Amino acid sequence: MQSTRVSFSDGSTTGEGEVLLIDREASIVVVDATPFHPVDHTWPDQPGDSGTIRAGDVTLAVGEAVMAAVSDDGALAVGSDIPVKRGGEGWTWLVGHRIDGEIPAEVGVGAAAVLEADADRRAALSRGHSACHLASLALDAALADLWRKEIGTDPLGNPDFEGRANQSSRIVEDGSVDEYRLGKSLRKAGFDSEGFAATLAEREARINEQLATWVASDAESRIDTEGETIIDRRAWRCALPEGEVGFPCGGTHVHALSELGAVSVTLDLSDPQLLVMTTRVTPPRD
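Residue 17 is where the sequence shown starts when you use the numbering used here, and the numbers rise one by one after that.
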């Protein structure tokens, strides 16, 4: 068995393949190739795609695509039960399609499958993910003057607050929620937490102004990949006016920033130790 070939990186939501594995107890179907984007089991920021798989006269409802892996001794692990990071040796890496309900007996290994991910949901999650990356860059820029010491920089050369402080990121349809820990270690690294709290509204306004400028540029956005399997490395790239930026990223994204319509963030510092940044996308009307 080979690692699953995936096509979501180019925006595909439909594809065909052959059923390789069925776990009826866990309601998991694995196909040799899929357009479905799976939720990552180690950094589950973007939810997996939903949609359908048609095999012969049977249509299966896919609740969510997930990571799956088969060990060298033949054991199948799914999602959070996978004991190693993606790409770990001794495992074959797969995309599992979690089926709503039972898998009928007439669907078996070797069956030809037609796969279709929910295109509207995918588009909304892609907008949310691209906006999330832009918001993190705008956040770094807006906080750049609050550092008293030099630290590593982000792709635009600003102090990397995102990389230092982010503790969780959750992509939703047309948005995201990111949490940043403002603890003792960040202050020791040179960040002025008190100055940040005193100028919170100003920082939020700076971020939103920067986001509006970037969206108006209609910059190209894409995913570069080193191969066609689920374990090949992927990176998000965006040609911003300041220069091309990029992050390692296994998610899905828009093709151009004009697809976002408008992006705005709100900063919540109700807990002085925790910054919550909520990003919202208002897509353009058809």
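Cβ coordinates follow ideal geometry from the N, Cα and C atoms, glycine included. On a predicted model such as this, the values are computed, not experimentally measured, just so you know.
Query - Every unbroken beta strand (DSSP E) inside the segment 151-213 [3 residues or more] - result: Those beta strand (DSSP E) runs which fall completely within the segment 151-213 and span 3+ residues are 182-188 and 191-197.
Query raised in the report: What are the complete beta strand (DSSP E) segments, minimum 3 residues, inside the segment 62-93?
Result: Annotation: the segment 62-93 contains the following complete segments of the beta strand (DSSP E) (minimum length 3 residues), in chain order: 67-71 and 74-87.
**Report entry** Nearest-angstrom Cα separation, counted from aspartate 65 out to arginine 180
**Finding:** The alpha-carbon atoms of arginine 180 and aspartate 65 are separated by roughly 30 angstroms.
Query raised in the report: valine 22 and isoleucine 187 look like a contact to me (Cβ under 8 angstroms); what is the Cβ gap, rounded to whole Å?
Result: Not quite, the Cβ-Cβ distance comes to about 18 angstroms (not below 8 angstroms), so this is no contact.
Query - Cβ neighbours of leucine 159 in the same chain (closer than 6 angstroms, five flanking residues each side left out) - result: A distance below 6 angstroms between beta-carbons, with the five flanking residues on each side excluded, links leucine 159 to the following residues of its chain, in chain order: Phe177.
Query - Check whether alanine 107 and alanine 85 have beta carbons under 8 angstroms apart - result: This sequence places tryptophan at residue 107; alanine is not what is there. Yes, the pair counts as a contact, with Cβ atoms nearer than the cut-off.
Query raised in the report: At a cut of 8 angstroms, does the segment 91-99 reach the segment 145-156 through at least three beta carbon pairs?
Result: Contact between the segment 91-99 and the segment 145-156 is not established, with fewer than three Cβ pairs separated by less than 8 angstroms.
Query raised in the report: Whose C-alpha, out of Gly27, Val111, Ala129 and Met293, is nearest the C-alpha of arginine 143?
Result: When only C-alpha atoms are compared, the closest one is Gly27.
Query - Close beta carbons around glycine 211, own chain, < 7 angstroms, minus the five adjacent residues each side - result: Hits under 7 angstroms: Leu162.
**Report entry** Beta-ladder partner(s) of cysteine 148, from DSSP
**Finding:** Under DSSP, cysteine 148 shares a beta bridge with no residue.
**Report entry** Segment contact, 8 angstroms Cβ cut-off, at least three pairs: the segment 218-231 with the segment 276-288
**Finding:** Contact holds between the segment 218-231 and the segment 276-288, because three or more Cβ pairs, one in each stretch, are under 8 angstroms apart.
Requested in this report: Can you check DSSP and say which residues form a bridge with proline 264?
Outcome: Residue pairing for proline 264: DSSP places it in a beta bridge opposite Ala251.
Requested in this report: List the endpoints of the continuous alpha helix (DSSP H) containing glycine 230.
Outcome: In the sequence as displayed, the identity of residue 230 is tryptophan instead of glycine. Residues 216-232.
Query raised in the report: In chain order, what residues of the same chain lie with their CB nearer than 6 angstroms to the CB of proline 300, ignoring the 5 residues before and after it?
Result: So the list reads Gly277, once near-sequence residues are dropped.
Report task. May I have the straight-line CA-CA distance separating threonine 29 from alanine 129, to the nearest angstrom? Result -> For threonine 29 and alanine 129, the distance between alpha carbons rounds to 14 angstroms.
**Report entry** Pick from Ser237, Ile119 and Ser209 that is closest to valine 261, judged by C-alpha positions
**Finding:** Here the closest residue by C-alpha is Ser237.
Requested in this report: Starting from the Cα of proline 264, find the closest Cα among Gly124, Asp170 and Asp287 and give me that residue.
Outcome: The residue with the shortest Cα to Cα distance from proline 264 is Asp170.
**Report entry** Collapsed DSSP secondary structure at aspartate 240 in the structure displayed
**Finding:** It is a strand residue.
Requested in this report: In the DSSP assignment, find the beta strand (DSSP E) that holds isoleucine 115 and state where it starts and stops.
Outcome: The continuous beta strand (DSSP E) containing isoleucine 115 extends over residues 107-115.
Report task. Can you tell me which of the three DSSP states glycine 31 falls into? Result -> Judged by DSSP in its simplified three-state form, glycine 31 adopts strand.
Query raised in the report: Where alanine 157 and glutamate 258 are concerned, what is the direct C-alpha to C-alpha distance, given to the nearest angstrom?
Result: About 12 angstroms.
Requested in this report: Just confirm the distance between the C-beta atoms of glutamate 189 and leucine 141, as a whole number of angstroms; I'd bet it's less than 8 angstroms.
Outcome: So it is a contact: roughly 6 angstroms between Cβ atoms.
Report task. May I ask you to verify whether the segment 110-123 touches the segment 223-242, counting CB pairs closer than 8 angstroms and requiring at least 3? Result -> Not touching, per the Cβ criterion.
Query raised in the report: Does the Cβ of proline 288 have 16 or more other Cβ atoms within 10 Å, making it buried, or fewer, making it exposed?
Result: Exposed.
Requested in this report: Determine the DSSP secondary structure at serine 19, reduced to helix, strand or coil.
Outcome: Coil at serine 19, not helix or strand.
Query - Rounded Cβ spacing between glycine 191 and aspartate 56 (contact assumed at less than 8 angstroms) - result: The pair is not a contact, with the Cβ atoms about 19 angstroms apart (cut-off 8 angstroms).
Query raised in the report: When the Cα of glycine 67 is compared with those of Thr75, Gly173 and Gly33, which residue comes out closest?
Result: Ranking Thr75, Gly173 and Gly33 by Cα distance to glycine 67 puts Thr75 first.
Query raised in the report: Looking at alanine 205 and isoleucine 167, is the spacing between their C-beta atoms short of 8 angstroms?
Result: Yes, they are a contact pair.
**Report entry** Rounded Cβ spacing between alanine 71 and alanine 127 (contact assumed at less than 8 angstroms)
**Finding:** The Cβ separation is near 4 angstroms, so the contact holds.
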